[in-house]
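Only one structure is covered here, and it is reproduced in the block below.
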């Protein structure tokens, strides 16, 4: 029995997701993991003095939350409840161990999301997303844009703190 060849569009999408996320593989600039690499808990928790400004840490928790939500959606599991924090899980404790745990959680949620991506077919992209009016493909492309957008935010937060990239 031969394996069905993966659609080139899905392969391109998976490659783009890896480039936006994985260390040293940024699409045109830096990846999400490049942007958070080398930050201490204190640096990750820092916020500008602007109302409603987010920290790197909050952004990491937010990105992990939505990767988890999309993975669950692709697996046809119940949608995550964001009502308590509106998709921005709070930073409970500022310590190096807690920061490392948040980074590892992001990595594990990304791996779970990418496992789901590996099971997709091109036909899946045109199917309606559960509980949404958009198609599944729109949400998946949204995850790629979401990673790139928040990576840019993190890079600006680093610059505001005077922290260069390693």
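Residue numbers (the working numbering): 352 to 517. For each residue, glycine too, the CB sits at the ideal point set by N, CA and C. Owing to the predicted nature of the structure, the values given are computational and were not obtained by experimental measurement.
{"Asked": "DSSP-derived helix/strand/coil call for residue 427", "Found": "coil"}
{"Asked": "Three-state secondary structure (DSSP) of residue 418", "Found": "helix"}
{"Asked": "Min CB distance residue 438 to chain C below 8 angstroms", "Found": "Considering every chain present, this structure includes no chain C. It has just one protein chain."}
{"Asked": "Best match in 434, 390 and 492 for proximity to residue 408 [C-alpha to C-alpha]", "Found": "390"}
{"Asked": "Residue environment, residue 352, which counts as buried when at least 16 other CB atoms sit within 10 Å", "Found": "Because the pLDDT of residue 352 is 47, which lies under 50, any placement of that residue in the model is unreliable, and the question is left without a value."}
{"Asked": "Residue 308 - DSSP class collapsed to helix/strand/coil", "Found": "Beyond the ends of the chain as shown, which are 352 and 517, falls residue 308; an answer cannot be given."}
{"Asked": "Spatially closest choice to residue 438 from 418, 448 and 413, by CA coordinates", "Found": "413"}
{"Asked": "Residues bridged to residue 479 (per DSSP)", "Found": "486"}
{"Asked": "Three-way DSSP call (helix, strand, coil) for residue 381 in this model", "Found": "coil"}
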